[in-house]
Amino acid sequence: MIIPIDLLALFFLVVIALAAITVRDLLAAIVLLSAYSFVIAAVWVEMHAVDVGFTEAAVGAGATTAFMIAALARMKREEKR
Amino acid sequence: MKHKPDVIINTIARLMVPFIQMYALYVMVGTEGAGGGFQGGVVFAASFVLFVTAFGITKGRSRLPESWNTALSSLGLYLYAGIGILCIILSLGIANYLNYGALPLAKLTGIAMTRGLVISFVVEVGIALTVMAIFASIFFDLAWKSEDEGGEQ
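Residue numbers (the working numbering), protein chains in the order written: chain L, 1 to 81; chain W, 82 to 234.
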């Protein structure tokens, strides 16, 4: 566990989360949430919680992204202003 | 818009799907101990997601039909609960749920080895079957109608 790497990755997490809730394009929001899951999985692996990180990478970055893209195919891509 | 096959995506998916499923099986039963059933099931379902992305949903549904989904999701639960009920029946006076030492296998291999074997090959496989069937079912239900209506998935 290296503190500067953790702080850098957590700073990236805050930036990605703010971008995901401010962007108008819903497909971009889904991709940003997938990136959020990937970064937090890397943080967990780096904090020696490999099991949690593996679950996050499988469920958060893999399955949930596929579900949300499949749900997005049924609605409009742009958020209403 | 009908599903259009693409040679690069088809080849990559054809190469990747067996390795993903093998990795899912390794995560499920590879280690002797608890943990890994849920993740293995999710990775196994992700291989079906990749297959559907490459080959279209009708071909993917023919590989994992709806009746198989129902059967597998309940079979996993019955495996997990059934081994517990079997342990209750076999450990007569004590009646402990999931008391692995009461199984007849414990006389052959010892209690610790039996616990590892039963957790790896019965309990984890049951959890993974249920999780795989339910995740694949959710994805198929979400992606099914969109291709009929003309969207992409």
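No residue lacks a Cβ here, since even glycine has one placed at the ideal position from N, Cα and C.
All figures in this text were calculated on a predicted structure; none of them were measured in a lab.
Whole-number beta carbon distance between residue j and residue i, since they are thought to touch under 8 Å
| i | j | result |
| --- | --- | --- |
| W/Ala214 | W/Leu160 | That belief does not hold up - the Cβ atoms of W/Ala214 and W/Leu160 are roughly 12 Å apart, past 8 Å. |
| L/Phe38 | L/Ala57 | 7 Å |
| W/Phe119 | W/Val206 | No, W/Phe119 and W/Val206 are not in contact; Cβ-Cβ is about 12 Å, not under 8 Å. |
| W/Ala209 | W/Gly121 | 5 Å |
| W/Tyr181 | W/Ile169 | Not really, about 12 Å apart at Cβ, beyond 8 Å. |
| L/Ala61 | L/Ala41 | 7 Å |
| W/Ile47 | W/Ala224 | The first residue shown for chain W is 82 and the last is 234, placing residue 47 of chain W beyond what the model contains. |
| W/Leu171 | W/Leu179 | Contact doesn't hold; Cβ gap of about 12 Å is too wide. |
| W/Gln102 | W/Phe125 | 6 Å |
| L/Arg77 | L/Asp25 | 7 Å |
| L/Ile3 | L/Glu46 | Contact doesn't hold; Cβ gap of about 11 Å is too wide. |
Exposure of residue i, with buried meaning 16 or more beta-carbon neighbours within 10 Å
| i | result |
| --- | --- |
| W/Arg196 | buried |
| L/Phe11 | exposed |
| L/Ile69 | buried |
| L/Ile21 | exposed |
| L/Val14 | exposed |
| W/Phe220 | buried |
| L/Leu33 | buried |
| W/Phe100 | exposed |
| W/Val235 | Any question about residue 235 of chain W goes unanswered here, given that chain W covers just 82 to 234. |
| W/Leu96 | exposed |
| L/Ala28 | exposed |
| W/Met109 | buried |
| L/Ala63 | buried |
| W/Ile175 | exposed |
| W/Tyr107 | exposed |
| W/Ala236 | Any property of residue 236 of chain W remains undetermined from this structure, which presents chain W solely from 82 to 234. |
| W/Val204 | buried |
| L/Leu7 | exposed |
| W/Ser201 | buried |
Run of the alpha helix (DSSP H) containing residue i, from where it starts to where it stops
| i | result |
| --- | --- |
| L/Ser34 | Leu26 to Glu46 |
| W/Arg95 | Val88 to Val110 |
| W/Gly118 | Gly118 to Phe136 |
| L/Gly53 | Val50 to Thr55 |
| L/Met68 | Thr64 to Leu72 |
| L/Ala20 | Ile3 to Thr22 |
Cβ-heavy atom distance, residue i to the ligand GDP, below 7 Å
| i | result |
| --- | --- |
| L/Ala63 | No copy of the ligand GDP appears in this structure; indeed no ligand is present at all. |
Worksheet item: the segment 39–52 of chain L: which residues have C-beta closer than 7 Å to a C-beta of chain W, in chain order?
Response: Taking 7 Å as the Cβ-Cβ cut-off against chain W, the residues of the segment 39–52 of chain L that qualify are Asp51.
Worksheet item: For the segment 54–75 of chain L, which residues have a beta carbon sitting closer than 7 Å to at least one beta carbon of chain W?
Response: Result list: Phe54, Thr55, Ala58, Val59, Gly62, Ala63, Ala66, Phe67, Ala70, Ala71, Ala73 and Arg74.
Worksheet item: Got a sec: which bits of the segment 201–223 of chain W sit with their beta carbon under 7 Å from any beta carbon on chain L, in order along the chain?
Response: So the close ones are Phe216, Ile219, Phe220 and Leu223.
Discussion item. Threshold first: 4 residues or longer. Then list the alpha helix (DSSP H) segments lying entirely within the segment 138–214 of chain W, N to C.
Written reply: Within the segment 138–214 of chain W, the complete alpha helix (DSSP H) runs of at least 4 residues are 138–144, 147–171, 186–190 and 192–199.
Fill in: Chain-ordered residues of the segment 110–132 of chain W with a beta carbon less than 8 Å from chain L
From the segment 110–132 of chain W, only Gly116, Phe119, Gln120, Val123, Val124, Ala126, Ala127 and Val130 have a Cβ closer than 8 Å to chain L.
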